[in-house]
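Colleague: Please read through the structure below; I'll follow up with questions.
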Amino acid sequence: MYRIGICDDEKNTCTAIEKMVCEYAKRNTFTLETFIWHTGEALCEALAKTVPDLLFLDIELITTSGIAVGRYIRNELEYHEMGIVYISAKSSYAMELFKIRPLDFLIKPVKYEDVAQIIASARMLARRNKLIFEYRTKGNYGTIPYKDIVCFMSDNKKINVMTSASTIVFNGRLRDLLPQLPDNFIQIHQSYIINLDHMLSCTYDSVKMSDGTQLGISQPYRKEVRRQIAEFNWGE
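Going by this note's numbering, the sequence shown opens with residue 2, and the numbers climb by one from there.
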């Protein structure tokens, strides 16, 4: 699920951008979740639980400005992977925005073509930087942040993507999937690929994951699994 947030004190602007992003998702057949806030304070409070992949952020919010919110996101929360797109009726903020590293800057009124290009670019960058996993099921494309994936489990010709919150199923084989994954994903069994960032403990023949799942390490994989765990850059 690709998550897009919109924060603007003008409700009409929020509604218009939401319609544009939903139209883009419909045209490109991928699942989308949108979040709307009308103040910087509401957005900052919500970020403790809801972290969008892409954020359309008004600069001239009434109380806490979009620039202050951007600094909070980058410096306090350290959300460096979130794409921030500033929106404004003015075009004189270039130097103030430099250190926040926005993905783009839009002048109101916002146009569909600009929104579509930004979403396409944001998703491409996320794929290139291996931040999100993309899958297709029942004719629709979906996305999951790699950091949320606990493990992949195969069942015949289907793959279950396990997160702490849900399980998603799509057609595929682990042997085709593994080369596409970041280095923190390792195969421990013919049927299991785990995310080392979600591994709580490991013994000679099993691992315990952050969701409580206990998975066996099959004999042919044990030596390689021990090597990969020993060489993994924990905490980086």
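Note that CB positions come from ideal geometry on N, CA and C, so glycine has one too.
How about G84 and G67: are their beta carbons less than 8 Å apart?
Modeller: Not closer than 8 Å, so no.
Colleague: Would you please state the rounded distance, in angstroms, between the beta carbons of R37 and C15? I believe it to be under 8 Å.
Modeller: The amino acid at residue 37 is misidentified as Arg; the sequence shows Ile. Right, their Cβ atoms sit about 5 Å apart.
Colleague: Are at least three pairs of beta-carbons, each pair with one atom in the stretch 189-199 and one in the stretch 147-155, less than 8 Å apart?
Modeller: yes
Colleague: Can you tell me which of N13, Y25, F153, P180 puts its alpha carbon nearest to the alpha carbon of E114?
Modeller: Y25
Colleague: What separation, rounded to the nearest whole angstrom, lies between the Cα atoms of L55 and H81?
Modeller: 11 Å
Colleague: Between the alpha carbons of T65 and I119, how many angstroms are there, rounded?
Modeller: 25 Å
Colleague: Look at the alpha carbon of A17 and the alpha carbon of R102, and state the distance between them as a whole number of angstroms.
Modeller: Cα to Cα, the separation comes out at about 25 Å.
Colleague: Exposed or buried, what is N172 when buried is set at 16 or more other beta-carbons lying within 10 Å of its beta-carbon?
Modeller: N172 should be labelled exposed.
Colleague: What alpha helix (DSSP H) runs, 4 residues minimum, are completely inside the stretch 36-112?
Modeller: Whole alpha helix (DSSP H) segments, 4+ residues: 41-47, 67-72, 95-98.
Colleague: Can you tell me which of C8, L132, F134 puts its alpha carbon nearest to the alpha carbon of S89?
Modeller: C8
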